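Q: Handing you a structure now.
Protein chains: 2
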Amino acid sequence: MSPKALDYDSLNENVKKCQYAVRGELYLRASELQKEGKKIIFTNVGNPHALGQKPLTFPRQVIALCQSPFLLDDPNVELMFPADAIERAKHYLAMTSGGLGAYSDSRGLPGIRKEIAEFIERRDGYPSDPELIFLTDGASKGVMQILNVIIRGQNDGILVPVPQYPLYSATISLLGGSLVPYYLDESANWGLDMNNLRDAVQQAAFRGVTVRAMVIINPGNPTGQCLSIANLKEIVQFCIRENIVLMADEVYQQNIYQDERPFISARKVLFDMGPQMSKQLQLVSFHTVSKGYWGECGQRGGYYEMTNIPPETVDEIYKVASISLSPNVPAQIFVSHRTFSGLMVNPPKPGDISYLKFEQESKGILESLRKRARMMTDGFNSCRNVVCNFTEGAMYSFPQIRLPPKAIEAAKKAGKHPDVFYCLKLLEATGISTVPGSGFGQKEGVFHLRTTILPAEEDMLAIMSSFKKFNEEFMAQYEDHQGYSRLCT
Amino acid sequence: MSPKALDYDSLNENVKKCQYAVRGELYLRASELQKEGKKIIFTNVGNPHALGQKPLTFPRQVIALCQSPFLLDDPNVELMFPADAIERAKHYLAMTSGGLGAYSDSRGLPGIRKEIAEFIERRDGYPSDPELIFLTDGASKGVMQILNVIIRGQNDGILVPVPQYPLYSATISLLGGSLVPYYLDESANWGLDMNNLRDAVQQAAFRGVTVRAMVIINPGNPTGQCLSIANLKEIVQFCIRENIVLMADEVYQQNIYQDERPFISARKVLFDMGPQMSKQLQLVSFHTVSKGYWGECGQRGGYYEMTNIPPETVDEIYKVASISLSPNVPAQIFVSHRTFSGLMVNPPKPGDISYLKFEQESKGILESLRKRARMMTDGFNSCRNVVCNFTEGAMYSFPQIRLPPKAIEAAKKAGKHPDVFYCLKLLEATGISTVPGSGFGQKEGVFHLRTTILPAEEDMLAIMSSFKKFNEEFMAQYEDHQGYSRLCT
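Protein chains in written order, with our numbering: chain A, 1 to 489; chain B, 490 to 978.
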């Protein structure tokens, strides 16, 4: 009998080809160990609440009231909810037609899209059109929607930074397109060399692949760098010249841990080039409620904004979004909240009942992340055969691990990629669940791991010292006695 | 200059090809009219809360507490929330790692999947494995995940009932597969003729298309019929014989408006055939929180259960689900709630504080829907040139409109499909926003429209009489004086 359609051998090959290391072998092993009773520190994915970050009170009060609108009629409501949260819940409920239980428009509630447009205008200084803003169940879903419209087959290429967040490689595989890598320069703080970019496009053309879009992740994931204005300008000019769409993954725009290079959106850089230039780039920018000081990953809320996308194309994207009816409505409320308070412009604002608490909570989280970014970088750099760029933004540390030849050999014998081998040993020894650098892409013969900077501040020293101890023992075991690796660093 | 990647001419052709009439021309026109101030009755989509259905109190209390866990420590909490809702919220929060703001496992929270498995076992009388249950952001997303794994290219066919819910046609287009239609028999209460099914497979083979899966929608959308056990058995046997996957869309399983043909799951029918047969069918069954008496569409919660799917395939599906990290967590709580209370087995149970209110609310909704199904069918059947099968289940009425030749001619002149022409006139005259039958598929030369049975009971007579008046005038305008169409009915 021939295989059935859901037998492994007869599945869609694009499904089999795609890889998603953030929840790959390491995560599965960590889950097993957890089941067996081992304490696991899940730093494989940027999931702040899972590592103890508390949700901000105000937005959660608002969403609770929106979910239970009958509470608004309860005479005791003011005993449990501040007046500004009550007012805010009414404001959002009035935007819906039927509350949180009704499908919204497939692009999201019009009122929310208007608030997002206002946020973008405040951020960039240029007006934004709510009709070109689509809400999604998290930013990943938005990236998938856009790539699905762009990719027609294997000759369509997407420029992706390496190391990259594997959402991109996995989605491109799934859609049957071609990933065209451009390498970030670790020795220049993960900077982007324009020559590399041009070479990548040429080499793709050589293989018959036409580059249709370019992805930037700013701040970088897993690499943590913030792109400079000069760099962003070069990228925009390059995309215009090469006639390719720019996809700007800006989900970490509020996670900035230094003052020299603040976040600047690709859209602002484009508009700053003047009315002539600013019409020439097709740009899609992504944002989310999962990151920032909110970290509301489980709610699955996000949006993208389209710039210079023709109306007929916007209609097609709208049509495809309609097939799954609407993004979840509760998270839409979070998105709007987030954008509002993201610039601290609107509720809760100075004088409001909830203002001080909100300020305290949100600043507290960002300040603590800034400290943790520093502790982690310093921690890694104090370890033998480990070097690590500072996390300027985002939520990750991406140290290079200089593996001794004997360790590489041992990995080969075990049938593992060397960084997988290292990360598995780390997991077994310490419970720290990381993602091997090979999951993000790295230069041949160079090895990394990615960890989030999210463990609680008070646990950080213990975690870094547990890492250091493991690493010391690992290196001692695999270094030869001439101290090969130490000489190399 | 060559077109840019997001110019219409250079988009993915599969995107352009797909059609989704539920939010198509009629919906867009209705939205325009609404903006202009016209009162629109949106019966284009099964969206109960948008038409005034109130959410059930108990699950909304639970979710409000889960969203604001700090309320659980508030000394006033018992003034506003019943003790069983408080207990239930604690129960669900204990299942998460980090509350609703943390990503769950990509398949959904293990505790929720366990509760769903218990629900399925109670419903069908056979155990269910939580590891084979995946939660999704609404059932549509689940259908898309499964079709994506099955469809490899245009020679892969999916049997879909006609008329069908256009999620299927749209997704198959998007994935580049082939839809293989099998026609339901309107004159036999939308029954399924097995000969049609066999012919459909043979004709597909003739075109080089191999059928890999079959979709059933039970109760039917848009057709409203409940499949009999005998019919389900034939379908299961057919799928086993033809070696094809059965996809059972059972999202309306709690929307049943008659007692002769209760809902029976495809899974139960399969297992009732005994241990030998029951191992031979690859089956995926879909369910949602959007329908039933919950109608929590905006929350976007759903799940699918896999039967006889090999573990390596389950792993592949898990991997693809991981790319977008996790379904939204709040809706997972609704899913579990729903399954629990779906059989009235668990909370709130007799004796619980919330029991009576819950009973009253949920029964009230179902009884009213039953009445509305009857009112609508009778209303349509009282109209000139309109015939309509009774809505045995689901949320829709799908009357056939016998359009006079002159109306068909007028439609052609206006460049519209005849049923689109009729539905647009209906919309302009009455504000009733329906979906033309051509959006679901219908036999050549036969015309329908789909409307939900969801308008409030107290509005139903007025809506049906507004429809009748419009239809009478329409028919009077386009029938010739020999009364052609009346003779035909």
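Just so you know, even glycine gets a beta-carbon here, dropped at the ideal spot from N, CA and C.
Please read these numbers as outputs of a predicted model, since none were measured by experiment.
Leaving out five residues on either side along the sequence, give the residues of the same chain with a beta carbon under 7 Å from the beta carbon of G138 of chain A.
A: As a position in the first sequence, residue 138 of chain A is number 138, starting the count at 1. Closer than 7 Å at Cβ, skipping near neighbours: T288, S290, R300, G301, G302.
Q: Roughly how many angstroms lie between the CA atoms of F936 of chain B and A900 of chain B, to the nearest whole one?
A: Within the second sequence, the letter at position 447 stands for residue 936 of chain B. Within the second sequence, the letter at position 411 stands for residue 900 of chain B. For F936 of chain B and A900 of chain B, the distance between alpha carbons rounds to 12 Å.
Q: Have a look at the DSSP bridge pairing and note the partners of A50 of chain A.
A: As a working note, residue 50 of chain A is residue 50 in the first sequence. Answer by DSSP bridge pairing: none, since A50 of chain A is not bridged.
Q: In angstroms, rounded to a whole number, what distance separates the CA positions of M460 of chain A and M376 of chain A?
A: The sequence position of residue 460 of chain A within the first sequence is 460, counting from 1. The sequence position of residue 376 of chain A within the first sequence is 376, counting from 1. Distance between the alpha carbons of M460 of chain A and M376 of chain A: 8 Å.
Q: L500 of chain B touches chain A at which residues, Cβ-Cβ below 7 Å?
A: In the second sequence, the residue the question calls residue 500 of chain B occupies position 11. Going along chain A in sequence order, the residues near L500 of chain B (Cβ under 7 Å) are V149, T313, E316.
Q: Locate the beta strand (DSSP E) running through A883 of chain B, then write down its first and last residues.
A: Position 394 of the second sequence holds residue 883 of chain B. Unbroken run through A883 of chain B: none, as it is neither H nor E.
Q: Can you find a CB in chain A that lies within less than 8 Å of the CB of P819 of chain B?
A: If you number the second sequence from 1, residue 819 of chain B lands on position 330. Yes - at least one Cβ of chain A is within 8 Å of the one on P819 of chain B.
Q: Just the chain A side, please: which residues come within less than 8 Å of N644 of chain B by C-beta, in chain order?
A: Indexing the second sequence from 1 puts residue 644 of chain B at position 155. Contacts between N644 of chain B and chain A, judged by CB atoms closer than 8 Å, are missing: the closest CB pair is about 12 Å apart.
Q: Beta-carbon of G342 of chain A versus every beta-carbon of chain B: anything under 8 Å?
A: The residue labelled residue 342 of chain A in the question sits at position 342 within the first sequence. Since pLDDT at G342 of chain A reaches only 44, below the 50 mark, its modelled position is unreliable, and the value read off the structure follows with that caveat. No, G342 of chain A does not count as interfacial toward chain B.
Q: Is it a yes or a no for the region 951-965 of chain B touching the region 865-877 of chain B, going by three-plus beta-carbon pairs under 8 Å?
A: yes
Q: Determine the direct distance from the alpha carbon of L668 of chain B to that of I661 of chain B, and round the result to whole angstroms.
A: For the purposes of this step, residue 661 of chain B is identified with residue 172 of the second sequence, where counting begins at 1. For the purposes of this step, residue 668 of chain B is identified with residue 179 of the second sequence, where counting begins at 1. Distance between the alpha carbons of I661 of chain B and L668 of chain B: 6 Å.
Q: Helix or strand or just coil, what does DSSP make of T57 of chain A?
A: In the first sequence, counting from the first residue as 1, residue 57 of chain A sits at position 57. The DSSP-derived three-state label of T57 of chain A is helix.
Q: Just to confirm, are T313 of chain A and Y516 of chain B a CB contact at a threshold of 8 Å?
A: In the first sequence, residue 313 of chain A corresponds to position 313, counting from 1. In the second sequence, residue 516 of chain B corresponds to position 27, counting from 1. Not a contact, by the Cβ cut-off of 8 Å.
Q: Rounding to the nearest angstrom, what Cα-Cα distance links I806 of chain B and Q634 of chain B in this structure?
A: As a working note, residue 806 of chain B is residue 317 in the second sequence. As a working note, residue 634 of chain B is residue 145 in the second sequence. I806 of chain B and Q634 of chain B: Cα-Cα distance of roughly 8 Å.
Q: Are any of the Cβ atoms in chain A nearer than 8 Å to that of V504 of chain B?
A: For this step, residue 504 of chain B is matched to residue 15 along the second sequence. True, the Cβ-Cβ gap to chain A drops below 8 Å.
Q: Against chain B, with Cβ distances strictly below 8 Å, would I63 of chain A count as a contact?
A: Walking along the first sequence from the start, residue 63 of chain A turns up at place 63. Yes, I63 of chain A lies at the interface with chain B (some Cβ there is under 8 Å from its Cβ).
Q: Answer with buried or exposed for L845 of chain B, where buried requires no fewer than 16 other C-beta atoms within 10 angstroms of its C-beta.
A: For the purposes of this step, residue 845 of chain B is identified with residue 356 of the second sequence, where counting begins at 1. In this structure L845 of chain B is exposed. Its beta-carbon is surrounded by fewer than 16 other beta-carbon atoms within 10 angstroms.
Q: So which of A:N471, A:Q202, A:G445, A:I112 has the shortest CA-CA distance to E305 of chain A?
A: What you label residue 305 of chain A is simply residue 305 of the first sequence in a count that begins at 1. For E305 of chain A, the nearest C-alpha among the options comes from A:I112.
Q: Quick one: what's S290 of chain A bridged to in DSSP?
A: Here residue 290 of chain A is taken as the residue at index 290 of the first sequence, counted from 1. Bridge partners of S290 of chain A: none, in fact.
Q: Measure the beta-carbon distance from V215 of chain A to N637 of chain B and round it to whole angstroms, keeping in mind my assumption that it falls under 8 Å.
A: What you label residue 215 of chain A is simply residue 215 of the first sequence in a count that begins at 1. What you label residue 637 of chain B is simply residue 148 of the second sequence in a count that begins at 1. Actually they do not touch by this definition, with Cβ atoms about 22 Å apart.
Q: Which residue's Cα is closest to the Cα of V236 of chain A: A:F134, A:V284, A:T430?
A: As a position in the first sequence, residue 236 of chain A is number 236, starting the count at 1. V236 of chain A has its Cα closest to that of A:V284, out of A:F134, A:V284, A:T430.
Q: Secondary structure at I724 of chain B, three-state DSSP: helix, strand or coil?
A: Your numbering for residue 724 of chain B matches position 235 in the second sequence. If DSSP states are grouped into helix, strand and coil, I724 of chain B belongs with the helices.
Q: So if I threshold CB-CB distances at 8 Å, which residues from the region 74-87 of chain A count as touching chain B?
A: Correct list: D74, N76, V77, L79, M80.
Q: Where L814 of chain B and R756 of chain B are concerned, what is the direct C-alpha to C-alpha distance, given to the nearest angstrom?
A: Residue 814 of chain B sits at position 325 when you count from the first residue of the second sequence. Residue 756 of chain B sits at position 267 when you count from the first residue of the second sequence. C-alpha separation (whole angstroms): 29 Å.
Q: Note down the Cα distance separating K233 of chain A from C239 of chain A, rounded to an integer number of angstroms.
A: As a position in the first sequence, residue 233 of chain A is number 233, starting the count at 1. As a position in the first sequence, residue 239 of chain A is number 239, starting the count at 1. Rounded to the nearest angstrom, the two C-alpha atoms are 10 Å apart.
Q: Does R701 of chain B come within less than 8 Å of chain A when only Cβ atoms are used?
A: The count along the second sequence starts at 1 and reaches residue 701 of chain B at position 212. Closer than 8 Å: yes.
Q: Can you tell me where the alpha helix (DSSP H) holding Y257 of chain A begins and where it ends?
A: As a first step, residue 257 of chain A must be located in the first sequence, where it is residue number 257. Here Y257 of chain A belongs to no alpha helix (DSSP H), and DSSP marks it neither H nor E.
Q: Taking Cβ positions only, does C297 of chain A come closer than 8 Å to chain B?
A: For the purposes of this step, residue 297 of chain A is taken as residue 297 along the first sequence, with counting starting at 1. It does: the Cβ of C297 of chain A has a partner Cβ on chain B nearer than 8 Å.
Q: On the premise that P537 of chain B lies in contact with G784 of chain B, defined as a C-beta separation below 8 Å, what is that separation, rounded to the nearest angstrom?
A: Here residue 784 of chain B refers to the residue found at position 295 of the second sequence. Here residue 537 of chain B refers to the residue found at position 48 of the second sequence. That pair is a contact at about 3 Å.
Q: Please state whether DSSP places L343 of chain A in a helix, a strand or coil.
A: Within the first sequence, residue 343 of chain A is the residue found at index 343, counting from 1. Note that L343 of chain A scores 37 on pLDDT, short of 50, meaning its location in the model is unreliable and no value can be drawn from it.
Q: Determine the extent of the beta strand (DSSP E) in which I217 of chain A is found, giving its start and end residues.
A: What you label residue 217 of chain A is simply residue 217 of the first sequence in a count that begins at 1. Note, I217 of chain A: beta strand (DSSP E), 210-217.
Q: Counting only C-beta atoms, is C18 of chain A closer than 8 Å to chain B at any point?
A: Here residue 18 of chain A refers to the residue found at position 18 when the first sequence is read from its first residue. True, the Cβ-Cβ gap to chain B drops below 8 Å.
Q: May I ask you to report which of helix, strand or coil DSSP gives S927 of chain B?
A: One-based indexing of the second sequence puts residue 927 of chain B at position 438. S927 of chain B falls in the helix class under three-state DSSP.
Q: Establish whether the CB of A50 of chain A and some CB of chain B are separated by less than 8 Å.
A: Residue numbering aside, residue 50 of chain A sits at position 50 when the first sequence is read from its first letter. Yes, contact with chain B.
Q: Return the bridge partner residues of T41 of chain A from the DSSP annotation.
A: The sequence position of residue 41 of chain A within the first sequence is 41, counting from 1. In the sequence under discussion, the amino acid at residue 41 of chain A is Ile, which differs from the Thr named in the question. Note: I41 of chain A sits in a beta bridge opposite A:I432.
Q: CB Q400 of chain A to CB C383 of chain A, shorter than 8 Å?
A: By one-based count along the first sequence, residue 400 of chain A stands at place 400. By one-based count along the first sequence, residue 383 of chain A stands at place 383. Going by C-beta atoms, Q400 of chain A is not nearer than 8 Å to C383 of chain A.
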